[in-house]
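Engineer: Residue numbers (the working numbering): 295 to 397. I'd like to ask you about the structure that follows.
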């Protein structure tokens, strides 16, 4: 796995754990931080995927990439669905507008 994706994934997992243990006062801040780190990771995965030769053309091809398998294995179950949704957009070359990321 590329180092920038590995680092982004580590931040996502750290922020996920921080959000899960945050007290009421820090809940909003930690949730926003997590969301931002998740989409930074998605952007890193998108950039990496877009530069692959050959680039995966289907979700099946995308899921078979060892790097993607590793990411999915490391993501907590609740985040896997979010990652699957974003994977569809990556393969279809659809980029969300920032406002859409947070809805």
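By construction, the Cβ of each residue, glycine as well, lies at the ideal position given by its N, Cα and C atoms. None of the values given here were measured: they were computed from a predicted structure.
Please return the same chain residues whose Cβ sits closer than 8 Å to the Cβ of residue 374, not counting the five positions on each side in sequence.
Structural biologist: Cβ neighbours of residue 374 beyond the five flanking positions: 366.
Engineer: Check whether the Cβ atoms of residue 348 and residue 385 lie closer than 8 Å to each other.
Structural biologist: Not closer than 8 Å, so no.
Engineer: In terms of alpha-carbon separation, which member of 300, 346 and 370 lies closest to residue 334?
Structural biologist: Comparing Cα positions, the closest option is 300.
Engineer: Once the 5 residues before and after residue 396 are set aside, which same chain residues still bring their CB inside 6 Å of it?
Structural biologist: Bear in mind that a pLDDT of 48 at residue 396, under 50, signals an unreliable position, so the model cannot answer this.
Engineer: Would DSSP call residue 365 helix, strand or coil?
Structural biologist: Residue 365: helix per DSSP, three-state reduction.
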